[in-house]
Amino acid sequence: MLLTEDAPARTQRIDPAFRRDILEGLAQEPKATPPIWFYDRRGSELFEQITDLPEYYPTRTETALLKAHGPDVARAAGAGRAVVEFGAGSSRKTPHLLRAIDPAAYVPIDISGDFLRDSSAELARAFPHLPVLPVVGDFNQPLELPKEISGMPRLGFFPGSTIGNMDPGAAVDLLRAMRRLLGHDAMLLIGMDRIKDRDRLIAAYDDAQGVTAAFNLNLIERINRELEGDMPIDGFAHRAVWNDEKARIEMHLEALRPLDFQVAGARFHMERGETIHTESSHKYGMRDERILLRAGGWDPVEEWTDAEGLFGLVLAQAA
Numbered sequence: 026m027l028l029t030e031d032a033p034a035r036t037q038r039i040d041p042a043f044r045r046d047i048l049e050g051l052a053q054e055p056k057a058t059p060p061i062w063f064y065d066r067r068g069s070e071l072f073e074q075i076t077d078l079p080e081y082y083p084t085r086t087e088t089a090l091l092k093a094h095g096p097d098v099a100r101a102a103g104a105g106r107a108v109v110e111f112g113a114g115s116s117r118k119t120p121h122l123l124r125a126i127d128p129a130a131y132v133p134i135d136i137s138g139d140f141l142r143d144s145s146a147e148l149a150r151a152f153p154h155l156p157v158l159p160v161v162g163d164f165n166q167p168l169e170l171p172k173e174i175s176g177m178p179r180l181g182f183f184p185g186s187t188i189g190n191m192d193p194g195a196a197v198d199l200l201r202a203m204r205r206l207l208g209h210d211a212m213l214l215i216g217m218d219r220i221k222d223r224d225r226l227i228a229a230y231d232d233a234q235g236v237t238a239a240f241n242l243n244l245i246e247r248i249n250r251e252l253e254g255d256m257p258i259d260g261f262a263h264r265a266v267w268n269d270e271k272a273r274i275e276m277h278l279e280a281l282r283p284l285d286f287q288v289a290g291a292r293f294h295m296e297r298g299e300t301i302h303t304e305s306s307h308k309y310g311m312r313d314e315r316i317l318l319r320a321g322g323w324d325p326v327e328e329w330t331d332a333e334g335l336f337g338l339v340l341a342q343a344a
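In our numbering, each residue's number is its place in the sequence shown (first place is 1) plus 25.
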């Protein structure tokens, strides 16, 4: 059963936060924009394509872990919890968790409203007796959970190693915010991508079919469409690089020639080879991830990984 309310974002074409973040990001040196703005409808669709690529191991590895260890999660978490998923997207992995733990309600949170409503409706059809309560919003900002789950113990679900998109300080802040939002008796099931071979990491973010490049370049199309920009699509190229010092993959949009363009009435210039840093994806070792979780107010309870040690699925409880 799908329970939802009309959100203001549905009728508001230009998000003032999007405008602010893009203008501030293009004005700073070096240029950088937050990765949340990848996810308009087209960006969300492209990301779903990325998850099916042969080079992109995280989704299939995490999905296999959920299938194999869903019963273990159920035993550790107990019955009757409301599952709150942060950055739900298409919720493709979610059914494996829901079938295993039989929750009291499901609350998907995502910034892409239309995409979230479509995926929530599909999930409600698959689980007709489960209250599905979508929340359109940015989980990096203060949120209110639906009143229907008041009093229910909660299980946060944060798959896909999305925590890696944040610098460690911001990741700790988010984990603490999740702890406050979910409550003192909450648990958190979180996916964490591991440090591994550099070439394998780069291939996962620069696939042979060019889907990740299209995903990155779609940000320019969104800026041009929603902020009256004239950034030349053919003036930029997708770049993925491994930053060993910071243990992260970085995605950039690199200027292929000197560029002058405007966005929302503001003028910008880029030299050839200059980049806009659009995303980081931090990778963690087992000890690192546990330090991060504890700093964020969560005590790891159990962890599962694949045979190659590519990816970790960690269950933690509120400290």
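All residues carry an ideal CB built from backbone N, CA and C; glycine is no exception.
C-alpha of residue 43 to C-alpha of residue 116: approximately 24 Å in a straight line. Taking a cut-off of 8 Å on C-beta distances, the stretch 58-76 touches the stretch 136-153, as three or more cross pairs fall below it. Residue pairing from DSSP places residue 219 in a beta bridge opposite 309. The shortest C-alpha to C-alpha distance from residue 103 to any of 167, 149, 212, 176 is the one to 212. Rounded to whole angstroms, the separation of the alpha carbons of residue 294 and residue 336 is 40 Å. About 6 Å separates the beta carbon of residue 118 from that of residue 91, a gap short enough to meet the 8 Å contact definition. Spanning the alpha carbons of residue 84 and residue 311 requires a straight line of approximately 19 Å.
C-alpha of residue 154 to C-alpha of residue 55: approximately 50 Å in a straight line.
Residue range 323-330 is occupied by the beta strand (DSSP E) that includes residue 330. The beta carbons of residue 191 and residue 180 sit no closer together than 8 Å. Residue 258 is positioned such that its CB atom lies closer than 8 Å to that of residue 242.
For residue 295, the enclosing beta strand (DSSP E) stretches over residues 291-295. By the neighbour-count definition (other C-beta atoms within 10 Å, threshold 16), residue 225 is an exposed residue. For residue 246, the enclosing alpha helix (DSSP H) starts and ends at 236-251. Look at the beta carbons and you see the stretch 216-232 not touching the stretch 104-111: under three pairs across the two are nearer than 8 Å. Unbroken beta strand (DSSP E) stretches of 3 residues or longer found wholly inside the stretch 113-145: 130-135, given in chain order.
Residue pairing by DSSP places residue 190 in no beta bridge whatsoever. Judged by DSSP in its simplified three-state form, residue 172 adopts helix. Two segments are said to touch when three or more pairs of C-beta atoms, one from each, lie closer than 8 Å; by this definition the stretch 255-269 touches the stretch 281-291.
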